[in-house]
DNA sequence: ACCTGAACACCGTTCAAGT
DNA sequence: ACCTGAACACCGTTCAAGT
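Protein chains in written order, with the working numbering: chain F, 632 to 828; chain E, 632 to 828.
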């Protein structure tokens with residue numbers, strides 16, 4: 632008979648960076664960035680908080696870097712699209728969904744941390760533009776512009792859809808009614824893509 | 632002879648919300664958001680930290696809201712520009728400068744806090760577009776798109792110009808050399824403005 | 001190798017007290 | 001009205017110790 636894993640002591644699956652990041656993302660998505668605490672994260676992993684430092688020696692800094700990379704590193708892929716314009720549009724929609732699904736990470740994406748997290752994403756955008764015939768210099772500009780627009784729009788949307796945001800906006804003399812954010816995003820996206828010759 | 636203000640006891644000018652916000656902004660700009668502490672802010676104002684709560688009953692939350700409003704509420708003004716396109720371009724340049732000068736506040740601008748802080752800014756953009764002959768619905772889209780682009784680009788720029796960012800990007804296989812952020816910003820801006828009929 | 005316990009230097013905030 | 005001092009419940013992190 633095969634040895635069963637011991638029931639006593641440490642039979643639970645050991646910690647790993649992946650499990651830690653996953654648990655942290657769940658806390659941020661569910662309770663907000665402000666409630667992500669090493670101690671709370673330890674609780675979620677059924678471990679003492681200090682055990683986390685064994686896997687992330689740089690501590691919380693490294694944890695937040697991991698969250699940003701996990702959310703932001705999503706390269707564009709032209710496969711299955713009719714043309715490069717469609718490919719960029721498809722990527723932009725998917726990337727926006729991703730950012731909104733993890734809105735709590737958005738402030739971290741804006742901070743100076745983890746400068747390389749967006750490198751693969753921007754490189755993939757430039758590549759699609761280059762293959763579409765956009766000259767090198769223009770492709771770099773367009774890739775950054777597109778990414779700026781998507782990130783910025785997600786930021787405005789998160790701000791504008793917070794609890795009580797509509798009421799506060801109305802109180803501030805904001806004349807607009809409720810905003811259809813997706814429609815507005817797509818309209819602005821086409822406005823931007825149409826600028827690319 | 633006129634009574635001199637007493638030298639003893641409390642002759643220092645009393646606290647005010649303006650002085651508090653100003654001191655806080657100076658700490659954030661000089662040392663980063665992470666070092667903005669009620670106790671440190673108290674030190675800068677030569678006051679015990681707890682005195683701040685007398686002027687900001689909602690505490691640090693209210694302080695951060697104040698910072699966001701102070702930095703982000705900068706309406707566009709068409710006066711002195713040849714046309715609405717020039718006015719928008721001029722506003723975008725000035726707004727980018729403002730965001731970069733207070734880069735530490737950028738993460739706060741992205742968070743859900745203070746939903747009304749951008750209302751006057753977007754309203755002024757819509758107004759310029761409306762007066763330029765852009766129809767109502769298109770003006771709302773264009774105003775949001777423009778603001779998204781400027782905020783998003785500033786975010787990418789702050790990320791990309793942090794200490795050691797170039798080295799980290801190169802290590803991640805980023806093929807680009809040093810980026811001329813201003814030139815890239817202006818090129819993308821024209822790309823976006825040209826999309827507005 | 002992997003985790004725990006106790007400890008340290010900080011936080012934001014409350015509350016009673018001073019002037 | 002405006003500020004202080006002491007206290008409370010939290011933080012992130014170090015470090016020696018356990019298994």
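Positions of the beta carbon are idealized from the N, C-alpha and C atoms, including for glycine. Since the model is a prediction, treat every value here as computed from it, not as a measurement.
Collapsed DSSP secondary structure at residue i in the structure displayed
i	result
residue 738 of chain E	helix
residue 777 of chain F	helix
residue 634 of chain F	Here residue 634 of chain F scores only 32 on pLDDT, less than 50, and its place in the model is too uncertain to base an answer on.
residue 673 of chain F	helix
residue 721 of chain E	helix
residue 749 of chain F	coil
residue 701 of chain F	helix
residue 761 of chain F	helix
residue 770 of chain E	helix
residue 710 of chain E	coil
residue 789 of chain F	helix
residue 808 of chain F	coil
residue 640 of chain F	At residue 640 of chain F the pLDDT is 41, less than 50, meaning the model places this residue with poor confidence; the figure from the coordinates comes in the next sentence. It is coil, neither helix nor strand.
residue 743 of chain F	coil
residue 784 of chain F	helix
residue 731 of chain E	helix
residue 695 of chain E	helix
residue 667 of chain E	coil
Alpha helix (DSSP H) segment containing residue i, residue limits
i	result
residue 689 of chain F	Run containing residue 689 of chain F: none; DSSP gives neither H nor E here.
residue 652 of chain E	648–662
residue 823 of chain F	812–825
Residue i CB to nearest heavy atom of the ligand GDP below 8 Å
i	result
residue 704 of chain F	The model on display carries no ligand, and the ligand GDP is accordingly not part of it.
* Cβ-based contacts, 7 Å cut-off: residues of the segment 653–676 of chain E near chain F -> none
* **Positions along the segment 723–739 of chain F whose CB lies within less than 7 Å of some CB in chain E** => 737, 738
* contact_flag[the segment 671–690 of chain E, the segment 714–731 of chain E] where n(CB pairs < 8 Å) is 3 or more -> No: the two stretches stay apart, fewer than three of their Cβ pairs being nearer than 8 Å.
* Taking 8 Å as the threshold, find out whether the segment 808–828 of chain F comes into contact with the segment 810–824 of chain E through three or more Cβ pairs. => yes
* Asked: Below 8 Å, can you find three or more Cβ-Cβ pairs linking the segment 737–754 of chain F to the segment 756–765 of chain E?
  -> Taking 8 Å as the limit for Cβ pairs, the verdict is that the segment 756–765 of chain E does not touch the segment 737–754 of chain F.
* Would you call the segment 761–771 of chain E and the segment 717–728 of chain F touching, i.e. three or more CB-CB distances under 8 Å? -> no
* At least three beta-carbon pairs within less than 8 Å, the segment 704–711 of chain E to the segment 700–711 of chain F -> no
* For the segment 738–770 of chain F, enumerate the residues whose C-beta is nearer than 9 Å to any C-beta of chain E, in chain order. => 738, 739, 740, 741, 742, 743, 744, 745, 746, 747, 748, 749, 750, 751, 753, 754, 757, 768, 769
* **Within 7 Å of chain F by C-beta, residues of the segment 679–703 of chain E in sequence order** => none
* To do: Report yes or no: do three or more beta-carbon pairs, one from the segment 766–775 of chain F and one from the segment 765–779 of chain E, lie closer than 8 Å?
  => Below 8 Å, too few C-beta pairs join the segment 766–775 of chain F and the segment 765–779 of chain E to call them touching: fewer than three.
* To do: Decide if the segment 776–787 of chain E is in contact with the segment 734–741 of chain E; the criterion is three or more beta carbon pairs, one per stretch, under 8 Å apart.
  => yes
* What are the residues of the segment 772–786 of chain F that lie near chain E, defined by any Cβ-Cβ distance shorter than 8 Å? -> Under the 8 Å Cβ criterion, the segment 772–786 of chain F contributes 772, 773, 775, 776, 778, 779, 780, 781, 782, 783, 784, 786.
* Mind checking the segment 808–824 of chain F against chain E and listing, in chain order, the residues whose C-beta falls within less than 7 Å of any C-beta there? => 815, 818, 819, 822, 823
* **Interface positions of the segment 703–716 of chain F facing chain E (Cβ-Cβ less than 9 Å), listed along the chain** => Hits within the stretch: zero.
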